[in-house]
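To keep things clear, I will list the structure first and then write my remarks on it.
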Amino acid sequence: MAIVIAYFAWRRIRLLREGGVHVALRSQFDDRGRGWHLGVGHYRGDKFAWFRVLSLGSGPNQLITRDGLEIDARREPTGPEAYAMPVGATVLRCRSVSGEVEIAMGPDALTGFLSWLESAPPGRSIPWAS
C-alpha cells in the first residue's frame, strides 16, 4: 500500500514540475456534485492534456483540443462539489466536438486557460467574442 501511495505522490509532483496546473474535471454531470476528479493539466500546443491524480496510467486521461472549444457557462462551485476542487475555483462548462466537460480551476490557472484559448492561431474565431 505504501508503494502505491508513494507512486501517486511522485506522479503528481512530476506532473506539476513539468509545468502543470491543478485542475478538477468531470464529463458526467450530476447535480449533487459527484463525478469530479482532481488532476493536473498541461498545455501541449493546441491540446490541453489532463492527467488524473489517482491513476496508474502514464498518459493523459483526457485531451481537450482548442479548435472548436466553446465556454457555455461560468459559475462558482456548489457546496457538495467544492471538496474536489482547487481553492477559490471557478467552474467552466465547455463544449467541443468530443462532447461537454466541466473544468474547475483556481484564479491563476483560469487566467492561463483563457489566455491559451484566446491565443489560437490567426484565422480562428474566439468562441465567446461574437
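If you're matching positions, the sequence shown starts at 3 in the numbering used here and goes up one per residue.
Yeah, the Cβ is synthetic: ideal placement off N, Cα and C, and Gly gets one too.
Pair within 8 angstroms by beta-carbon distance, TRP12 and ARG68: no
Neighbourhood of HIS24 by C-beta distance below 6 angstroms, restricted to the same chain and skipping five residues each side: PRO88
Integer-rounded CB distance, given that THR92 should sit under 8 angstroms from ALA106: 7 angstroms
Bridge partner(s) assigned by DSSP for PHE10: BP columns for PHE10 are empty, so no partner.
Three-way DSSP call (helix, strand, coil) for GLU102 in this model: strand
Buried versus exposed call for ILE66 [16 or more other C-beta atoms within 10 Å across all chains shown]: buried
Distance between PHE115 and ARG97 (C-alpha atoms, nearest Å): 15 angstroms
With 16 other Cβ atoms within 10 Å as the buried cut-off, status of GLY61: exposed
Assigned exposure category for GLU72 - 16 Cβ within 10 Å defines buried: exposed
Inter-residue spacing [alpha-carbon to alpha-carbon] between PRO109 and GLU78: 12 angstroms
Residue nearest to ALA86 in terms of C-alpha spacing, selected from LEU56, GLY101, GLN64: LEU56
Contact with chain C by ALA84, beta-carbon distance below 8 angstroms: The chain inventory of the structure shown lacks chain C, comprising one protein chain alone.
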